Amino acid sequence: MRFLSLKKDSKVFMKIIIFPILLFVLSSCTNQIKENQELRNEVRSLEIEISSLYGTAGYKFGQAMEYFDGKDYEEAEKWLADLQNSFPDWNKEFVEDTIKKIRKAKN
809 MRFLSLKKDS
819 KVFMKIIIFP
829 ILLFVLSSCT
839 NQIKENQELR
849 NEVRSLEIEI
859 SSLYGTAGYK
869 FGQAMEYFDG
879 KDYEEAEKWL
889 ADLQNSFPDW
899 NKEFVEDTIK
909 KIRKAKN
């Protein structure tokens, strides 16, 4: 009889030990799932923000300046020409002056 009692006690003891461990593991998994979901949401919002900026005049001008700084004058001029076509009134004089500077730097 005593053996049965020990066996029963050990089952209860194991349940007492295993249950908190399982709770801890499950709660940490739940926290990681929540963190992953939050990170996915942040990435999505950044993708939306970037895609909305991609076609703006400021973005196109910035790209042109990146190419200009990298001494790729042809590509810089293409970006500025695209900027002029897409946004003809955006800082018109400044863009034209920048194109002139690029053409001088090319020669």
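Numbering (my numbering), first residue to last: 809 to 915. The C-beta atom is built at its ideal place from N, Cα and C for all residues, glycine as well. Predicted model, so just to flag it, every value in this text is computed and none were measured.
*Report back the beta-carbon spacing between Lys868 and Trp887 to the nearest angstrom; my notes put them in contact at under 8 Å.*
Looking up residue 868 in the sequence shown gives position 60. Looking up residue 887 in the sequence shown gives position 79. The Cβ separation is near 6 Å, so the contact holds.
*For the putative contact between Ala872 and Phe895, defined by C-beta atoms under 8 Å, what is the C-beta separation to the nearest angstrom?*
Within the sequence shown, the letter at position 64 stands for residue 872. Within the sequence shown, the letter at position 87 stands for residue 895. Their Cβ separation, rounded to whole angstroms, is 12 Å, which puts Ala872 and Phe895 out of contact at 8 Å.
*Are the beta-carbon atoms of Ile910 and Glu885 separated by less than 8 Å?*
The count along the sequence shown starts at 1 and reaches residue 910 at position 102. The count along the sequence shown starts at 1 and reaches residue 885 at position 77. Contact: yes.
_Mapping the DSSP letters down to three states, classify Thr864 as helix, strand or coil._
To locate residue 864, count along the sequence shown from 1; it is residue 56. Of the three classes helix, strand and coil, the one that applies to Thr864 here is coil, per DSSP.
*How would you call Val903, buried or exposed, if buried means at least 16 neighbouring beta carbons within 10 angstroms?*
In the sequence shown, the residue the question calls residue 903 occupies position 95. Label assigned to Val903: buried.
*Do you know how far the Cα of Gly870 is from the Cα of Thr906?*
Here the question's residue 906 lines up with position 98 in the sequence shown. Here the question's residue 870 lines up with position 62 in the sequence shown. C-alpha of Thr906 to C-alpha of Gly870: approximately 12 Å in a straight line.
*What residue does the alpha helix (DSSP H) around Trp887 start on, and which one ends it?*
As a position in the sequence shown, residue 887 is number 79, starting the count at 1. Start and end: Tyr881 to Ser894.
*So, helix, strand or coil for Gly870, using DSSP?*
One-based indexing of the sequence shown puts residue 870 at position 62. In the structure shown, Gly870 sits in a helix (DSSP, three-state: H, G or I).
*Is Arg852 helix, strand or coil by DSSP?*
Indexing the sequence shown from 1 puts residue 852 at position 44. Three-state DSSP puts Arg852 in a helix.
*If we ignore side chains and look at the alpha-carbon of each, how far apart do Gln845 and Asn915 end up?*
Taking the first residue of the sequence shown as position 1, residue 845 is located at position 37. Taking the first residue of the sequence shown as position 1, residue 915 is located at position 107. Cα-Cα distance, rounded: 53 Å.
*Mind checking Leu891: buried by the 16 CB within 10 Å criterion, or exposed?*
As a working note, residue 891 is residue 83 in the sequence shown. That one is buried.
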